[in-house]
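A.B. asks: The structure's right below; bear with me while I get my questions together.
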Amino acid sequence: MTKTIFSALALATVLAFASCNCKKNGECAKAQAEQQVADTTNATTQGEAQANDGSKFIDFTVPALDGKQVKLADVVAKNKITMVAFWASWCGPCRMEMPNVVEAYKQFHDKGLEIVGVSLDESKKDWETAVKDMGMNWIQTSDLKGWECEAARLYGVRGIPACVLINQKGEIVGRDLRAEELHARLAELLK
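The sequence shown begins at 1 in this note's numbering and counts up one residue at a time.
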């Protein structure tokens, strides 16, 4: 029992450092770490079911970099798989994961993948610069409200980077996949 608790605490600590949490300044890092311990405890029984639960996506409309409104349902209807990628320019783990997402986009875009980036930035200049610097050539959106982003709230995003994979039927077919897991799931979905 003690070994299990210690393992869960160690994993929670690692997870706390592996994703950006609720505030840039880390005010809720302790609360998130505690939540991650609870999540880790439930992960064995719920993880796979949540990742591919088939529940319906939640639609939202958010402004793009060019100011035009992007409606998620319109993107989902046009593509085999839509990935909603929550991130921010100030998030170190997001910047570390982004080369994997860029590679996934290059590899799977022609097979039916589209990505809708949802930035939790508050500065349009920082957001725009990061998009350009990291070569994120997919749909980019943000309401520039940081953690008050409505799209992030709808999907219960508490740490970034975070992603949701949605098939053309509007079913959620993956959540919070990174690196090799993301590439493997996309390869499976876009055979």
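Yeah, the Cβ is synthetic: ideal placement off N, Cα and C, and Gly gets one too.
Note down the Cα distance separating ILE166 from LEU72, rounded to an integer number of angstroms.
C.D. replies: Roughly 10 Å between the two C-alpha positions.
A.B. asks: Could you compute how far the alpha carbon of GLN50 sits from the alpha carbon of VAL173?
C.D. replies: Because the pLDDT at GLN50 is just 39, under 50, the model does not fix this residue reliably, and the point stays unresolved.
A.B. asks: How far does the alpha helix (DSSP H) with LEU190 in it reach, from first residue to last?
C.D. replies: No alpha helix (DSSP H) holds LEU190; DSSP gives it neither H nor E.
A.B. asks: Measuring alpha carbon to alpha carbon, tell me which of GLY159, LYS80, GLU103 and LYS124 ends up nearest ASN183.
C.D. replies: Looking at the sequence shown, residue 183 is not Asn but His. Considering only alpha carbons, the answer is GLU103.
A.B. asks: At the level of alpha carbons, what is the spacing between LYS169 and VAL76?
C.D. replies: 8 Å
A.B. asks: For VAL116, tell me which candidate among ALA187, CYS149, SER142 and GLY67 has the shortest Cα-Cα distance.
C.D. replies: SER142
A.B. asks: Is the separation between the beta-carbon of LEU120 and that of ALA152 shorter than 8 Å?
C.D. replies: yes
A.B. asks: Apply the 10 Å Cβ neighbour rule to ASP74 and answer buried if 16 or more other Cβ atoms are within range, or exposed otherwise.
C.D. replies: exposed
A.B. asks: Mind checking which residues open and close the alpha helix (DSSP H) that includes VAL102?
C.D. replies: 92 to 108
A.B. asks: Using C-beta distances below 8 Å, list every residue in its chain close to GLU171, excluding the 5 sequence neighbours before and after it, in chain order.
C.D. replies: GLY54, SER55, LYS56 and PHE57
A.B. asks: Where does ARG175 fall in DSSP's three states?
C.D. replies: strand
A.B. asks: LYS132 to GLY67, Cα distance in whole Å?
C.D. replies: Roughly 16 Å separates the two Cα atoms.
A.B. asks: From what residue to what residue does the beta strand (DSSP E) around ALA162 run?
C.D. replies: 162 to 167
A.B. asks: Would DSSP call ALA85 helix, strand or coil?
C.D. replies: Looking at ALA85 - three-state DSSP - the assignment turns out to be strand.
A.B. asks: Does DSSP classify GLY156 as helix, strand or coil?
C.D. replies: coil
A.B. asks: Classify ALA162: buried if its beta carbon has 16 or more other beta carbons within 10 angstroms, exposed otherwise.
C.D. replies: buried
A.B. asks: Do GLY146 and GLU128 have their C-beta atoms closer together than 8 Å?
C.D. replies: no
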